[in-house]
Structure formats: C-alpha cells, structure tokens
Amino acid sequence: MLDVRRLRLLRELSLRGTIAAVAEALAFTPSAVSQQLATLEREAGVPLLERTGRRVTLTPAGHTLVGHAEAVLARLEQAAAELADTRRGLAGPLRIGAFPTATRAMILPALTSLVDRHPGLEPMVVEIDPARVADALRAGDLDVALIHEYDFVPTVAEPGIATSPLCTEPMYLAGRFPPPAGTPTDAVLPGCRNSPWITATPGTLCHAMTIRACQAAGFTPHVRHQVDDFTTVLSLVAAAQGVAVVPHLGIPTPTPAVSLTRLPLHRRTKIAHREGATHHPAIQATTRALQSSIPTELTST
Numbered sequence: 055m056l057d058v059r060r061l062r063l064l065r066e067l068s069l070r071g072t073i074a075a076v077a078e079a080l081a082f083t084p085s086a087v088s089q090q091l092a093t094l095e096r097e098a099g100v101p102l103l104e105r106t107g108r109r110v111t112l113t114p115a116g117h118t119l120v121g122h123a124e125a126v127l128a129r130l131e132q133a134a135a136e137l138a139d140t141r142r143g144l145a146g147p148l149r150i151g152a153f154p155t156a157t158r159a160m161i162l163p164a165l166t167s168l169v170d171r172h173p174g175l176e177p178m179v180v181e182i183d184p185a186r187v188a189d190a191l192r193a194g195d196l197d198v199a200l201i202h203e204y205d206f207v208p209t210v211a212e213p214g215i216a217t218s219p220l221c222t223e224p225m226y227l228a229g230r231f232p233p234p235a236g237t238p239t240d241a242v243l244p245g246c247r248n249s250p251w252i253t254a255t256p257g258t259l260c261h262a263m264t265i266r267a268c269q270a271a272g273f274t275p276h277v278r279h280q281v282d283d284f285t286t287v288l289s290l291v292a293a294a295q296g297v298a299v300v301p302h303l304g305i306p307t308p309t310p311a312v313s314l315t316r317l318p319l320h321r322r323t324k325i326a327h328r329e330g331a332t333h334h335p336a337i338q339a340t341t342r343a344l345q346s347s348i349p350t351e352l353t354s355t
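Start counting the sequence shown at 55; every next residue gets the next number (the numbering used here).
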C-alpha cells in the first residue's frame with residue numbers, strides 16, 4: 055500500500071526540484087526525506103528516482119505516480135471538506151495569505167464579517183507575495199489566499215491549486231506631472247521612456263509587470279529605485295525620484311504632488327486554495343466574506 059505522506063513528498067520533489075528544498079519547505083531533514091522516498095520506491099516496486107551525482111530526477115514511473123498523487127491529495131481535501139460540512143459550526147484555525155494592498159482593503163473587512171458570523175473560527179493572516187502562495191498552500195502553511203495577476207504577467211496554473219476570480223482593478227502611471235493634454239492612453243508609457251523608474255524588487259509579479267509593460271511600449275525602463283511598498287513608491291514619485299506604475303489599491307489616499315494617469319492595464323485578484331477544498335465550509339465562508347468586502351470602485355469578476 056502506498057503511503058499518502060510519502061506521495062506528498064514525491065509530489066513536492068517534482069515541483070521543488072531538490073531534496074533539500076523539500077526538506078526545508080516541509081520541516082524535514084534531507085536525510086529523512088531521502089529515507090521516506092526510498093521506502094516509497096520499495097512500496098511501488100519500481101524505480102521512481104534517478105540519481106546523477108548530487109541531483110535527483112524523477113523517472114517516467116515517478117512522474118506517473120505524481121499524477122496519481124495529485125488526484126489522491128485532491129480527493130483527501132474533498133473528503134475533509136465533506137466531513138467538515140457535517141459538523142455544527144465552523145471552528146479552529148484558518149490561515150489566510152494575502153498581499154499587502156489586499157490585506158488593507160479587503161482582508162480586514164472580511165475578517166470582521168467572518169468573526170461575526172463564525173465566532174469559533176480563528177483566522178490568522180500572513181502577508182505573502184503571490185509568487186510564493188502555491189508552495190505555502192501545498193505545504194499546508196496556508197488554507198486560502200489572495201493572489202493577483204497583471205495583463206502582462208498572467209498566473210500560471212499550479213498543480214494541486216484551484217483558483218476563482220474575485221475582482222479587477224485599474225492601473226495608473228504615477229508621476230510628478232500629467233502627460234500633455236490629448237495624449238492617447240497607449241502613448242502614456244512611451245512618453246516616459248527617458249524618465250527614471252521606480253519598480254518593485256526583482257522576483258515579484260509587480261516588478262515583472264512594470265518591466266513587461268514598458269517593453270511592450272517599446273523600451274526597457276531605467277530603474278532607479280526598487281521598493282515594494284506602494285505608499286513609499288508614491289512618496290518617491292512626489293520627491294521627483296521617478297515615475298511608477300501602481301494599482302488602484304496601492305493608492306490609499308490622494309497625494310497632492312503626484313499625478314495619476316489611467317492606463318489601459320489591469321490587475322486581477324483571485325482566491326486560491328488547495329484543489330478539492332472548494333466546498334469546504336471554511337473556504338466557502340471566506341470566499342463569501344471576501345466577495346462582500348470588494349471596494350465599491352472595483353469590478354467584481
């Protein structure tokens with residue numbers, strides 16, 4: 055009989071690439087992960103891993119088993135959801151991940167709604183970059199999370215993760231002065247090709263969005279500052295340190311020294327959770343609370 059915990063380790067190895075990365079993510083030692091995978095190979099009766107020096111790759115049989123592991127883990131999530139539905143009232147920890155602007159604008163009001171309707175729940179919020187959410191959900195560090203994508207940076211389907219759309223928000227060019235009157239929207243970014251730019255830090259979706267949007271406009275931006283907090287970004291713009299592309303939720307209050315010009319770009323927020331957990335009562339309650347917390351100026355999707 056194949057052990058589910060070992061199947062989870064094999065799935066994680068297929069996604070993370072190294073035994074060390076699996077061990078770090080799941081709080082194991084590398085030797086413990088290796089031992090568990092060796093036991094899984096004996097259970098399967100066929101080689102699942104190929105070792106070349108210090109590297110380990112999956113055999114065709116290993117990849118086949120990972121596909122079955124995904125289905126098994128999704129069914130276990132579904133079973134947990136159905137069992138939870140038989141209990142009276144929601145209770146216990148609920149780990150929620152979100153990016154900072156969503157935490158302020160939507161998570162906070164959603165928490166109030168959740169606690170009022172389900173006082174037994176213990177929501178715990180963790181701010182996390184959307185690029186790290188899938189790993190955190192699969193590892194069990196989160197139960198549900200908000201992620202986002204941009205027009206030039208779409209989300210990639212992640213094994214074992216289900217998503218549903220929540221809302222769409224517009225994007226703006228933030229600068230000291232507005233573009234000349236009558237400038238077409240598709241000419242706003244090209245007009246800033248010689249300006250210094252403020253972007254998020256490399257490796258984030260927000261950084262990729264700015265770089266790709268500028269490249270689509272025909273130039274590569276000259277980056278002067280790299281800052282993740284949009285409030286700080288706007289302060290830098292106000293200090294004439296450069297221009298930036300910011301989403302609507304990144305502008306909590308108007309800044310008199312900053313001009314905001316609407317761009318033909320959008321950011322879309324989605325709800326993410328483990329596949330199979332769609333009908334879990336806590337996930338459904340969180341989804342409803344988030345849907346009721348969408349700012350009125352945004353478009354629900």
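Glycine included, C-beta positions come from ideal geometry on N, C-alpha and C.
Exercise. Taking Cβ positions, are residue 362 and residue 227 nearer each other than 8 Å?
Worked result: This structure gives no information on residue 362, because the portion of the chain shown stretches from 55 to 355.
Exercise. Ends of the alpha helix (DSSP H) at residue 264?
Worked result: First-last of the alpha helix (DSSP H) with residue 264: 259-270.
For this session: Can you give me the start and stop residues for the beta strand (DSSP E) that residue 180 sits inside?
Result: 175-181
Problem set entry | Other residues of its chain near residue 74: CB distance less than 6 Å, five sequence neighbours each side excluded | 84
For this session: Give the range of the alpha helix (DSSP H) segment to which residue 84 is assigned.
Result: 84-98
For this session: Pick out whichever of 93, 117, 317, 301 has its Cα sitting closest to the Cα of residue 66.
Result: With distances taken between Cα atoms, residue 66 lies closest to 117.
Exercise. At which residues does the alpha helix (DSSP H) containing residue 242 begin and terminate?
Worked result: Here residue 242 belongs to no alpha helix (DSSP H), and DSSP marks it neither H nor E.
Exercise. Between which two residues does the beta strand (DSSP E) carrying residue 250 extend?
Worked result: 250-253
For this session: Write down the C-beta distance between residue 17 and residue 124 rounded to the nearest angstrom, noting that I regard them as a contact closer than 8 Å.
Result: The shown model of the chain, from 55 to 355, leaves out residue 17, and the question about it has no answer.
Exercise. Applying the criterion that 16 or more other CB atoms from any shown protein chain within 10 Å of the CB defines a buried residue, is residue 42 buried or exposed?
Worked result: Past the edges of the chain, shown from 55 to 355, lies residue 42, and the structure says nothing about it.
For this session: Rounded to whole angstroms, what's the CA-CA distance from residue 320 to residue 177? Just pull it up for me.
Result: 29 Å
Exercise. For residue 144, does the three-state DSSP call read helix, strand or coil?
Worked result: coil
For this session: Can you check DSSP and say which residues form a bridge with residue 396?
Result: Only positions 55 to 355 of the chain appear in this structure, which leaves residue 396 out of reach.
For this session: Going by CA-CA distance only, name the one from 288, 323, 318, 295 that's closest to residue 306.
Result: 288
Exercise. Closest Cβ-Cβ distance between residue 170 and chain C: below 8 Å?
Worked result: Among the chains of the structure shown, chain C does not appear; only one protein chain is present.
Problem set entry | Range covered by the alpha helix (DSSP H) that runs through residue 285 | 284-292
Exercise. How would you call residue 159, buried or exposed, if buried means at least 16 neighbouring beta carbons within 10 angstroms?
Worked result: buried
For this session: May I have the straight-line CA-CA distance separating residue 246 from residue 348, to the nearest angstrom?
Result: 32 Å
Exercise. How would you call residue 135, buried or exposed, if buried means at least 16 neighbouring beta carbons within 10 angstroms?
Worked result: Around the Cβ of residue 135, a 10 Å sphere holds 16 or more other Cβ atoms; the residue is buried.
Exercise. Which runs of the beta strand (DSSP E) fall wholly inside the segment 160-239 and span at least 3 residues, in chain order?
Worked result: 175-181, 198-204, 215-229
Exercise. Would residue 122 pass as a contact of residue 144 if the rule is Cβ separation under 8 Å?
Worked result: Contact: no.
Problem set entry | Spatial distance of residue 283 from residue 254 (CA atoms) | Residue 283 and residue 254: Cα-Cα distance of roughly 8 Å.
Exercise. Helix or strand or just coil, what does DSSP make of residue 281?
Worked result: coil
Exercise. Using the C-alpha atoms, what's the distance from residue 162 back to residue 82?
Worked result: Residue 162 has its alpha-carbon roughly 34 Å from the corresponding atom of residue 82.
For this session: May I have the straight-line CA-CA distance separating residue 113 from residue 186, to the nearest angstrom?
Result: 27 Å
Exercise. Where does residue 312 fall in DSSP's three states?
Worked result: coil
Exercise. Is residue 247 helix, strand or coil when you go by DSSP?
Worked result: DSSP places residue 247 in coil when its eight states are reduced to three.
For this session: May I ask you to list the residues that DSSP assigns as paired with residue 149?
Result: 178
Exercise. Identify the residues that DSSP records as bridge partners of residue 353: which are they?
Worked result: 222
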